[in-house]
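2 protein chains.
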Amino acid sequence: MADIVVASVQLAPVLGDVEGNQALIADGVRRAAAAGAAVVVVPELASSGYVFSSAEEARAAARPAAEALAPWIEVARETGAIVAGGFAELAEDTVFNSAAIVDGTGVLAVYRKVHLWDRESLVFQAGSAPPPVVDTPVGRLGLCVCYDIEFPEFPRSLALRGADLICVPTNWPDEGRPPGERPLEVVRAMAAASSSKVFIACADRCGTERGVAWVGGSAIVADTGWLLAGPAPAPEPTLLVAACDLARARDKRLNERNDVFADRRPDLYAQAPLSE
Amino acid sequence: MADIVVASVQLAPVLGDVEGNQALIADGVRRAAAAGAAVVVVPELASSGYVFSSAEEARAAARPAAEALAPWIEVARETGAIVAGGFAELAEDTVFNSAAIVDGTGVLAVYRKVHLWDRESLVFQAGSAPPPVVDTPVGRLGLCVCYDIEFPEFPRSLALRGADLICVPTNWPDEGRPPGERPLEVVRAMAAASSSKVFIACADRCGTERGVAWVGGSAIVADTGWLLAGPAPAPEPTLLVAACDLARARDKRLNERNDVFADRRPDLYAQAPLSE
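If you're matching them up, the sequences are chains Z and Y in order.
Just so we're aligned, residue 0 is where the first sequence starts under numbering that gives the first Met the number 0, counting upward by one.
Just so we're aligned, residue 0 is where the second sequence starts under numbering that gives the first Met the number 0, counting upward by one.
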């Protein structure tokens, strides 16, 4: 494992324009690869858009994984990059808010988002399997989507399961923040990275959709918790790249006596809420 | 439960000067109470200092809980405030890095820090019990100490067990940070508060001790994750106060469809590291 360049591509999908969005994604991957990226993260639901008004509309923009991911594999083969991102998946006669990791050889993993945000539960079925950690020549890549990362157990789980870099395709709706503050989504990513000594690359979307604006909080966070790139200065199309020494994520020591994993006391951690 | 004022008292204990430090703590509690505080948090090891060179030196500054906390109960009775803070506890013929919550009636809880930082393991014995959540007339108070909060499971556990406010006595050594950045300790507290919709009050120390400088990162964080007070502008004695509507911490809903506790999927959260 050597230093690699990781990219987060912040882009503006157009609702329902699958063909156009796939071209946008391929263009983003090419630009990232031209900047040296070995791993490129694109947003949640990048090929479909997000603000569906009905399950039918979501279904119309959903595709079987093989079909949705074929153009990603093609551009991965062309560029040599690994691509992680989100798409609307048609499977089991329903629609999932899915994400995948692909390389030039094919699909490495598909993950169906388990923590659904707000109206997503009206148009998507929640996944029921833990997210993947995929071993690749550049490092072990984990995957989680948007609201997933608000559950501190989730990035922690991916790190415990060996992820060196957690790829976070996301669509963070802009809910406002105090002046001068960073998006809280980025604050949480920094905390998660530092607590588990893991790298995290978030690719957010931009482009107002049916009145919904987005944070545009794409960011690449080091295993120290400090930002290597981003947050994106504005909710506009943005390419972030950062050199990441992913081997550092294999060493969980903080000093001679402390190790963020070995020091855990899981026997003392409550797993369920107080029943009142 | 009405709005209450919470205070974090950042102060500079003098190593080994237990009597002087107890006076410093009482003075801090009085000033906080004069500012309306119903709950006052003081730093980790506030009565003893921190940078012990040997177990013997730590033992000389340690006291049985009843003795160490008597002056706290006295000032709690005088002011009507609840006091949470850290002390070196002599018990079971050893020394613990302990913290307590007291009010004017007596000791409500003692907690022995379970995650020891760096050289602490040379002078303290680690605790073996989960931290307390104490039900008081102003709300349910949880307790954790310094390095404890770097484990995302720990503030999460306290919130799951019903804490409305997590009191964090701390001594954060200053390990530097990029220009313009907040202490990462504060970033983690913000993330923990927002992820579990819980209030968090951190009281850090100041005053260089044997060459160790401190972050001085005292802060009071709302259940939203945003700062209500702090971080302290400098590692100098500082009184932070903030009105906190602790009842908000009982409502874990984010919107009509999402709830930070009900949405959890613990069956999908790994509890242990990958064995390689």
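Even for Gly, the Cβ is constructed at its ideal location relative to N, Cα and C.
Three-way DSSP call (helix, strand, coil) for Y:VAL122 in this model | Reduced to three states, the DSSP call for Y:VAL122 is helix.
Is the Cβ of Y:TYR49 closer than 8 Å to any Cβ of chain Z?
-> Closer than 8 Å to the CB of Y:TYR49 there is not a single CB belonging to chain Z.
Buried or exposed (CB count within 10 angstroms, at least 16 for buried), Y:ASN170
Buried is the call here.
Could you check whether Y:LEU68 and Y:ALA28 sit closer than 8 Å to each other, using their CB atoms as the reference points?
In the sequence on display, residue 28 of chain Y carries Val and not Ala. Cβ atoms of Y:VAL28 and Y:LEU68: not closer than 8 Å.
| Smallest Cα separation from Z:ALA64: which of Z:VAL240, Z:THR93, Z:GLY138? | Among Z:VAL240, Z:THR93, Z:GLY138, the Cα nearest to that of Z:ALA64 belongs to Z:THR93.
- Task: Rounded to whole angstroms, what's the CA-CA distance from Z:LEU157 to Y:ARG160? Just pull it up for me.
- Result: Computed Cα separation, rounded: 24 Å.
Validate contact between the stretch 5–24 of chain Z and the stretch 231–245 of chain Z using beta carbons, cut 8 Å, 3 pairs: Flag = yes, the stretch 5–24 of chain Z and the stretch 231–245 of chain Z touch.
Q: Taking Y:ASP134 and Z:ARG256 to be in contact with their CB atoms under 8 Å, please state how far apart those CB atoms are, rounded to whole angstroms.
A: Not really, about 36 Å apart at Cβ, beyond 8 Å.
Kindly list the residues whose CB is nearer than 6 Å to the CB of Y:ALA212, restricted to its own chain and excluding five residues on each side of it in sequence; keep chain order.
The answer, listed in chain order, is ASP173.
Practice item. Can you tell me which of the three DSSP states Y:SER7 falls into? Key: Correct three-state label for Y:SER7: strand.
### Query
In its own chain, which residues sit with a C-beta less than 6 Å from the C-beta of Z:ALA98, not counting the 5 before and 5 after it?
Hits under 6 Å: GLY85, TYR110, LEU142, VAL144, PRO168.
Inter-stretch contact (C-beta, 8 Å, three-pair minimum) for the stretch 185–198 of chain Y and the stretch 214–229 of chain Y = A contact is defined here as three or more CB-CB pairs under 8 Å, and the stretch 185–198 of chain Y meets this definition with respect to the stretch 214–229 of chain Y.
task = Pick out the complete beta strand (DSSP E) segments inside the stretch 227–257 of chain Y, 3 residues or longer, and give them in chain order.
result = Entirely contained in the stretch 227–257 of chain Y, the beta strand (DSSP E) runs reaching 3 residues are, in chain order, 237–243.
To the nearest angstrom, how far is the alpha carbon of Y:ALA162 from that of Y:PRO154? Approximately 9 Å, taken between the alpha carbons.
Listed from N- to C-terminal order along the chain, which residues in the stretch 212–246 of chain Z have their beta-carbon within a distance smaller than 9 Å of any beta-carbon of chain Y?
In summary, the residues of the stretch 212–246 of chain Z whose CB is separated from some CB of chain Y by less than 9 Å are THR223, GLY224, TRP225, LEU226, in the order they occur in the chain.
Discussion item. Only counting the same chain, and skipping five residues up and downstream in sequence, which positions put a Cβ closer than 8 Å to that of Y:GLY105?
Written reply: Hits under 8 Å: ILE72.
Between the CA atoms of Z:LEU115 and Z:PRO177 - distance to the nearest angstrom: Taking the straight line from one Cα to the other gives about 26 Å.
Notebook entry, point to check: For the stretch 252–265 of chain Z, which residues have a beta carbon sitting closer than 9 Å to at least one beta carbon of chain Y?
Noted result: So the close ones are LEU253, ASN254, GLU255, ARG256, ASN257, VAL259, PHE260, ALA261, ASP262, ARG263, ARG264, PRO265.
For Y:CYS201 and Z:ARG249, what's the separation of their Cα atoms in angstroms?
The straight-line gap from Cα to Cα measures roughly 30 Å.
query: Is the distance from the Cβ of Y:GLU184 to the Cβ of Y:GLY215 below 8 Å?
result: No. Outside cutoff.
Practice item. Examine chain Y for any beta-carbon lying closer than 8 Å to the beta-carbon of Z:TRP116, and answer yes or no. Key: So, interface residue.
Query - Exposure label - Y:THR78; buried when at least 16 CB within 10 Å - result: Residue environment for Y:THR78: buried (at least 16 other C-beta atoms within 10 angstroms of its C-beta).
### Query
Do Y:PHE260 and Z:PRO265 have their C-beta atoms closer together than 8 Å?
Result no, Cβ atoms of Y:PHE260 and Z:PRO265 do not sit closer than 8 Å.
request  = Would you kindly work out how many angstroms separate the C-alpha atoms of Z:LYS112 and Z:ALA22, rounded to a whole number?
outcome  = Each residue's Cα considered, the two are about 24 Å apart.
Could you pull the start and end residues of the beta strand (DSSP E) that Y:ILE148 belongs to?
DSSP places Y:ILE148 in no beta strand (DSSP E); its state is neither H nor E.
Could you give the uninterrupted runs of the beta strand (DSSP E) lying entirely in the stretch 142–219 of chain Y, keeping only those of 3 residues or more? Within the stretch 142–219 of chain Y, the complete beta strand (DSSP E) runs of at least 3 residues are 164–168, 198–202.
task: Reducing DSSP to helix, strand and coil, say where Y:ALA87 ends up.
output: Three-state result, Y:ALA87: strand.
- prompt: Residues bridged to Z:GLY105 by DSSP?
  reply: Bridge partners of Z:GLY105 according to DSSP: Z:ASP102.
At least one CB of chain Y closer than 8 Å to the CB of Z:ARG353: is that the case? With chain Z covering 0 to 275 only, the question about residue 353 of chain Z has no answer from this structure.
**Request:** Label Z:GLU55 either buried or exposed according to how many other C-beta atoms from any shown protein chain fall within 10 Å of its C-beta, with 16 as the threshold for buried.
**Result:** By the Cβ neighbour-count rule, Z:GLU55 is exposed, with fewer than 16 other Cβ atoms within 10 Å of its own.
**Under 7 Å from the C-beta of Y:GLY161: neighbouring residues of chain Z** = Within chain Z, the C-beta atoms nearer than 7 Å to that of Y:GLY161 come from LEU273, in chain order.
Report task. With DSSP collapsed to three states, give me the class of Y:LEU140. Result -> Three-state DSSP puts Y:LEU140 in a strand.
* Roughly how far, in whole angstroms, is the beta-carbon of Z:SER47 from the beta-carbon of Z:ALA61, given that I think they are within contact range, below 8 Å? -> The C-beta separation of Z:SER47 from Z:ALA61 comes to about 7 Å, placing the pair in contact by the 8 Å criterion.
Let me confirm a value: Y:PRO131 is counted as buried when at least 16 other C-beta atoms fall within 10 Å, else exposed. Which label applies? Residue environment analysis places Y:PRO131 among the buried positions, since at least 16 neighbouring C-beta atoms fall within 10 angstroms of its C-beta.
Should Z:VAL94 be listed as close to the ligand MN, given that the test is whether its C-beta is under 7 Å from any heavy atom?
-> What this structure holds is no ligand at all, so the ligand MN is not there to describe.
Alpha carbon to alpha carbon, how far is Z:ARG30 from Y:ARG263?
-> Roughly 37 Å between the two C-alpha positions.
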